[in-house]
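Asker: Structure incoming, see below.
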Amino acid sequence: MEFLNRKNLKKSIIYTALFISYGMSYAETNPLEQENIRLKHQQNLKLSTEGIQQAEQLNKETSVKTSVDKNINQALPLIKNISIDTGIGVYLPEFNNIISQYIGTNLTTTQVYNLSKDLTQALYQAGYVTSAIGLQTDTITDGHIPFVVHWGKIDQLYVNGEQPKSFKDKGMLSVLPKLREAPLNIFYIDQLIETLNTTNKKVSVNVSASDKTSYSNLDFLVKRSLFPTVQIGFNNSGTGNNANGRNQATLALQASDLLGINDSWSFSTGYRFYKNPKANNQINYSLSYSQPFSTYTLDTRLSQSGYEKKIKGETGSYSTEGKTKSLNLKLSKVLMRNKESIFSAYTELEFKKRTNFIVNRQVLNRNEYKINLGISYITQLLGGRLYTDLNYANGLNWLNGKKLAYEQDREKTLKTLSANLTWSKHFAIKQRALNYQLRLGGQYSKDALYSENQFSIGDEYTVRGFKGGALSGEKGIYASQTLTLIFHPNKFYIQQIAPFIGFDIGQVYQKAENNKEVISGFAIGAKSTIGKFSLSLTYSRPLNTIDNQSKKPVIYANGSVSF
3 MEFLNRKNLK
13 KSIIYTALFI
23 SYGMSYAETN
33 PLEQENIRLK
43 HQQNLKLSTE
53 GIQQAEQLNK
63 ETSVKTSVDK
73 NINQALPLIK
83 NISIDTGIGV
93 YLPEFNNIIS
103 QYIGTNLTTT
113 QVYNLSKDLT
123 QALYQAGYVT
133 SAIGLQTDTI
143 TDGHIPFVVH
153 WGKIDQLYVN
163 GEQPKSFKDK
173 GMLSVLPKLR
183 EAPLNIFYID
193 QLIETLNTTN
203 KKVSVNVSAS
213 DKTSYSNLDF
223 LVKRSLFPTV
233 QIGFNNSGTG
243 NNANGRNQAT
253 LALQASDLLG
263 INDSWSFSTG
273 YRFYKNPKAN
283 NQINYSLSYS
293 QPFSTYTLDT
303 RLSQSGYEKK
313 IKGETGSYST
323 EGKTKSLNLK
333 LSKVLMRNKE
343 SIFSAYTELE
353 FKKRTNFIVN
363 RQVLNRNEYK
373 INLGISYITQ
383 LLGGRLYTDL
393 NYANGLNWLN
403 GKKLAYEQDR
413 EKTLKTLSAN
423 LTWSKHFAIK
433 QRALNYQLRL
443 GGQYSKDALY
453 SENQFSIGDE
463 YTVRGFKGGA
473 LSGEKGIYAS
483 QTLTLIFHPN
493 KFYIQQIAPF
503 IGFDIGQVYQ
513 KAENNKEVIS
523 GFAIGAKSTI
533 GKFSLSLTYS
543 RPLNTIDNQS
553 KKPVIYANGS
563 VSF
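In terms of my numbering, the sequence shown opens at residue 3 and continues consecutively.
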């Protein structure tokens, strides 16, 4: 019995020593944490790229140039008041700008005509292209000019020239905002087209006159496909060498309208290659479902990441393993859309469970929950396209959820503010197309944070020249600049070749050490699209590093083929 107790005591001491050693270098040795941070940065880049693509479809900001005659003839009556009866429709802020220019000017037939024309132009620029403005009465007294808006409304909805009959056609229209009897606005129709165009469905809309006066019909021209899209990819994003997880294979599947209601589905997975895959491996999965309804979109994502890894100790090698399971529920709403801007808001709940084992003994079991409240704004600025996202995260202590921040003597509830901004501008030098892109990212927290919620920089998505998140802390900021030269050979299946050069810099503050660190890097490379293949190769080098960081150059390689 004494022998067994000594044996168990010795075993416990070994486990304790391992846990202490392991915990002290957890952020550096846990490949799962590095992978989750990389996927988070990758998702941020994907959202900003999609935002810039949306901005490309917007029109340039314009203002109505009025035709007002400001020469005052004291012998003629003056315009004292202008009213506009919009009925059930909206009152445009642009109306006030126009009205203010006409108040106090002469009341003449020409002036009334110009006023009516300018108000109608404002209506058209706001997207109401089938609506009109006219005088509410033929009698103008006491300098008061009353106008009324004759709204052009939507009557019938057709699919490929016919009334919707099939389940999929009816389902497609059922999740759209109420359209019939609503004023027709071309910018709202643009939003509908974005919603309706999914992986297995391409939609355009024809607007035609209805038999009813002041009404139009919408004909949704739909082309459906059967098979999902498949993308097989490869990258070298790992921090180890070729034998220790540097290279990763990825697979992504996308499909839509499985339920017939504009639903979108995606599945992705990534597998890292190790020399001894039985002892060392890493794999992640993600399943996403997106469902629009009216002006809202509900996004649901289930994901799981897991790893096994052997670490060396003084008495031999020990097996470690970890797993992270996540559920994300995100509800977003388009609050405003016009010819030059899209403004949205969202709420996201994140439920995460993390477990870790050393030699089959559990050393970590945490439930981590938080809520994200955010807004995004897409517009045109200084001749370029702008995407911005502002996000506030608050930890939740429901259902045994652990606190995600701490002070020296106690744990605290997570509270962070983060922002991402991307500005992209196309221009030409001697008829050669170029693009300049600036990406900014930052986070603020007044409390110390556990590792995965810290702000991390130092990879191909933030500050190039590093891998695996070279620097992490409670608050920080980075700037990434890239200048791209764009060629479109359109020969031998080569659609595009785009060499680029970039410079990045970032700073992070670590509360525990009360320390600020700065890193920077340089990158040069090229991207190309050849038929169904996409390739990217980047040579990067640190320009400024912190202590114990390698100054060797880093190569980023990415490739994929789509079917």
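Don't be surprised by glycine CBs; every beta carbon is placed ideally from N, CA and C.
Note that the coordinates shown come from a computational prediction; the quantities given were computed from them, not determined experimentally.
Buried or exposed, going by whether 16 or more other CB atoms sit within 10 Å of the CB of Asn98?
Answerer: Within the sequence shown, numbered from 1, the residue matching residue 98 stands at position 96. Counting Cβ neighbours within 10 Å, Asn98 comes out exposed, since fewer than 16 surround it.
Asker: So for Leu178, helix, strand or coil by DSSP?
Answerer: As a first step, residue 178 must be located in the sequence shown, where it is residue number 176. Of the three classes helix, strand and coil, the one that applies to Leu178 here is coil, per DSSP.
Asker: Do the CB positions of Leu34 and Ser453 come within less than 8 Å of each other?
Answerer: Within the sequence shown, numbered from 1, the residue matching residue 34 stands at position 32. Within the sequence shown, numbered from 1, the residue matching residue 453 stands at position 451. No; because the gap between Cβ atoms is not below 8 Å, this pair is not in contact.
Asker: Specify, as a first and last residue, the run of the beta strand (DSSP E) that Tyr273 falls within.
Answerer: What you label residue 273 is simply residue 271 of the sequence shown in a count that begins at 1. That run of the beta strand (DSSP E) goes Ser266 to Tyr276.
Asker: Can Val151 and Thr88 be called in contact, C-beta distance under 8 Å?
Answerer: As a first step, residue 151 must be located in the sequence shown, where it is residue number 149. As a first step, residue 88 must be located in the sequence shown, where it is residue number 86. Against a cut-off of 8 Å, the Cβ pair of Thr88 and Val151 comes out as a contact.
Asker: So, for Ile377: in the same chain, excluding its five sequence neighbours on each side, which residues have a beta-carbon less than 6 Å away from its beta-carbon?
Answerer: Counted from its first residue, the sequence shown places residue 377 at position 375. So the qualifying residues of the chain are Ala347 and Leu392.
Asker: By the three-class DSSP mapping on this structure, what secondary structure does Phe229 have?
Answerer: By 1-based counting over the sequence shown, the position of residue 229 is 227. Coil.
Asker: How many Å lie between Leu223 and Pro294 at the Cα?
Answerer: Taking the sequence shown and counting its residues from 1, the one referred to as residue 223 is at position 221. Taking the sequence shown and counting its residues from 1, the one referred to as residue 294 is at position 292. In a straight line, the C-alpha of Leu223 is about 19 Å away from that of Pro294.
Asker: Using DSSP with H/G/I as helix, E/B as strand and the rest coil, what is His152?
Answerer: Locating residue 152 in the sequence shown gives position 150, counting from the first residue. Three-state DSSP puts His152 in a strand.
Asker: If you reduce the DSSP assignment to three classes, tell me which class Arg40 lands in.
Answerer: For the purposes of this step, residue 40 is taken as the residue at position 38 of the sequence shown. Residue state, collapsed to three classes: helix.
Asker: From Ala184 to Ser268, what does the alpha carbon distance come to, in whole angstroms?
Answerer: Position 182 of the sequence shown holds residue 184. Position 266 of the sequence shown holds residue 268. Rounded to whole angstroms, Ala184 to Ser268 spans 34 Å at the Cα level.
Asker: Using 7 Å as the cut-off, classify the Cβ of Lys493 as near or not near the heavy atoms of the ligand NAD, replying yes or no.
Answerer: This structure does not include the ligand NAD; it has no bound ligands of any sort.
Asker: DSSP three-state label for Ala421, please.
Answerer: On the sequence shown, residue 421 is found 419 positions in, with the first residue counted as 1. Of the three classes helix, strand and coil, the one that applies to Ala421 here is strand, per DSSP.
Asker: Considering only residues of the segment 193 to 219, which uninterrupted alpha helix (DSSP H) runs meet the minimum length of 4 residues and lie entirely inside it, listed in chain order?
Answerer: For the segment 193 to 219, not a single whole alpha helix (DSSP H) run of length 4 or above is found.
Asker: Quick one: give me the first and last residue of the beta strand (DSSP E) that Val131 is part of.
Answerer: Position 129 of the sequence shown, counted from the first residue, corresponds to residue 131. Note, Val131: premise wrong, no beta strand (DSSP E); not H, not E.
Asker: For the beta strand (DSSP E) containing Phe345, name the first residue and the last one.
Answerer: Within the sequence shown, residue 345 is the residue found at index 343, counting from 1. Phe345 -> beta strand (DSSP E) spans Ser343 to Ile360.
Asker: Compare the beta carbon distance of Gln233 and Ser538 with 8 Å and say whether it is the shorter of the two.
Answerer: Against the sequence shown, residue 233 aligns to sequence position 231. Against the sequence shown, residue 538 aligns to sequence position 536. Not a contact, by the Cβ cut-off of 8 Å.
Asker: Helix, strand or coil: which one does DSSP assign to Gln439?
Answerer: As a first step, residue 439 must be located in the sequence shown, where it is residue number 437. Strand.
Asker: Measuring alpha carbon to alpha carbon, tell me which residue in Gly403, Thr132 and Ile147 is nearest Thr139.
Answerer: Residue 139 sits at position 137 when you count from the first residue of the sequence shown. With distances taken between Cα atoms, Thr139 lies closest to Ile147.
Asker: Just confirm the distance between the C-beta atoms of Tyr371 and Phe353, as a whole number of angstroms; I'd bet it's less than 8 Å.
Answerer: Sequence index remark: in the sequence shown, residue 371 carries index 369 (1-based). Sequence index remark: in the sequence shown, residue 353 carries index 351 (1-based). With a Cβ gap of about 5 Å, Tyr371 and Phe353 count as contacting.
Asker: Which partner residues of Pro501 appear in the DSSP bridge assignment?
Answerer: Numbered from its first residue, the sequence shown carries residue 501 at position 499. Beta-bridge pairing links Pro501 to Ala528.
Asker: Under a Cβ-count criterion, where at least 16 other Cβ atoms within 10 Å of its own Cβ denotes burial, should Met174 be classed as buried or exposed?
Answerer: Taking the sequence shown and counting its residues from 1, the one referred to as residue 174 is at position 172. Result: buried.
Asker: In the DSSP assignment, the beta strand (DSSP E) including Tyr558 goes from what residue to what residue?
Answerer: The residue labelled residue 558 in the question sits at position 556 within the sequence shown. Note, Tyr558: beta strand (DSSP E), Val556 to Ser564.
Asker: Report the rounded CA-to-CA distance for Ile461 versus Asn238, giving the unit in angstroms.
Answerer: Along the sequence shown, read from residue 1 onward, the residue named residue 461 stands at position 459. Along the sequence shown, read from residue 1 onward, the residue named residue 238 stands at position 236. For the sequence presented, residue 461 should be read as Asp rather than Ile. If you take the alpha carbons of Asp461 and Asn238, they lie about 12 Å apart.
Asker: State the Cα-Cα distance for the pair Ala514 and Ala407, rounded to the nearest angstrom.
Answerer: Your numbering for residue 514 matches position 512 in the sequence shown. Your numbering for residue 407 matches position 405 in the sequence shown. Taking the straight line joining both Cα atoms gives about 12 Å.
Asker: By alpha-carbon positions, which one of Ser102, Glu58 and Ser296 ends up nearest to Val336?
Answerer: Translated into the one-based positions of the sequence shown, residue 336 becomes position 334. Considering only alpha carbons, the answer is Ser296.
Asker: Report yes if the C-beta distance between Lys312 and Ala281 is below 8 Å; otherwise report no.
Answerer: Residue 312 sits at position 310 when you count from the first residue of the sequence shown. Residue 281 sits at position 279 when you count from the first residue of the sequence shown. The answer is yes: Cβ separation under 8 Å.
Asker: With DSSP run on the structure shown, which of helix, strand or coil describes Met26?
Answerer: Start at 1 with the first residue of the sequence shown, and residue 26 comes out as number 24. In this predicted model, Met26 has a pLDDT of only 37, less than 50, meaning its place in the structure is not dependable; the value taken from the coordinates is given anyway. Three-state result, Met26: helix.
Asker: Would you mind working out which of Ala421, Asn264 and Gln456 sits nearest Leu442, comparing C-alpha positions?
Answerer: The residue labelled residue 442 in the question sits at position 440 within the sequence shown. Of the listed residues, the one whose Cα sits closest to Leu442 is Ala421.
Asker: Can you find the residues in the same chain that come closer than 7 Å, C-beta to C-beta, to Pro555, ignoring five residues on each side of it along the sequence?
Answerer: Locating residue 555 in the sequence shown gives position 553, where the first residue counts as 1. Excluding positions up to five away in sequence, the list reads Tyr541, Ser542 and Arg543.
Asker: Within its chain, find whatever has a CB closer than 6 Å to the CB of Ser343; leave out the 5 residues flanking it on each side and keep chain order.
Answerer: Locating residue 343 in the sequence shown gives position 341, where the first residue counts as 1. Counting only Cβ-Cβ distances below 6 Å, and skipping sequence neighbours, we find Thr381.
Asker: Determine whether the beta carbon atoms of Ser227 and Ser218 lie at a separation below 8 Å.
Answerer: By 1-based counting over the sequence shown, the position of residue 227 is 225. By 1-based counting over the sequence shown, the position of residue 218 is 216. No, Cβ-Cβ distance for Ser227 and Ser218 is not below 8 Å.
Asker: Give a yes or no on whether the C-beta atoms belonging to Ala395 and Thr418 are separated by under 8 Å.
Answerer: Within the sequence shown, the letter at position 393 stands for residue 395. Within the sequence shown, the letter at position 416 stands for residue 418. Yes, Cβ-Cβ distance for Ala395 and Thr418 is below 8 Å.
Asker: So, Gly324 versus Thr357, is the Cβ gap smaller than 8 Å?
Answerer: Counting from 1 along the sequence shown, the entry for residue 324 is found at position 322. Counting from 1 along the sequence shown, the entry for residue 357 is found at position 355. Yes.
Asker: On the DSSP letters alone, give me the boundaries of the alpha helix (DSSP H) that Glu96 sits inside.
Answerer: Residue numbering aside, residue 96 sits at position 94 when the sequence shown is read from its first letter. Per DSSP, Glu96 belongs to the alpha helix (DSSP H) from Pro95 to Tyr104.
Asker: Work out the CA separation of Thr415 and Asn246 for me, nearest whole Å.
Answerer: Reading the sequence shown from its first residue, position 244 is the one you call residue 246. Reading the sequence shown from its first residue, position 413 is the one you call residue 415. Rounded to whole angstroms, Asn246 to Thr415 spans 36 Å at the Cα level.
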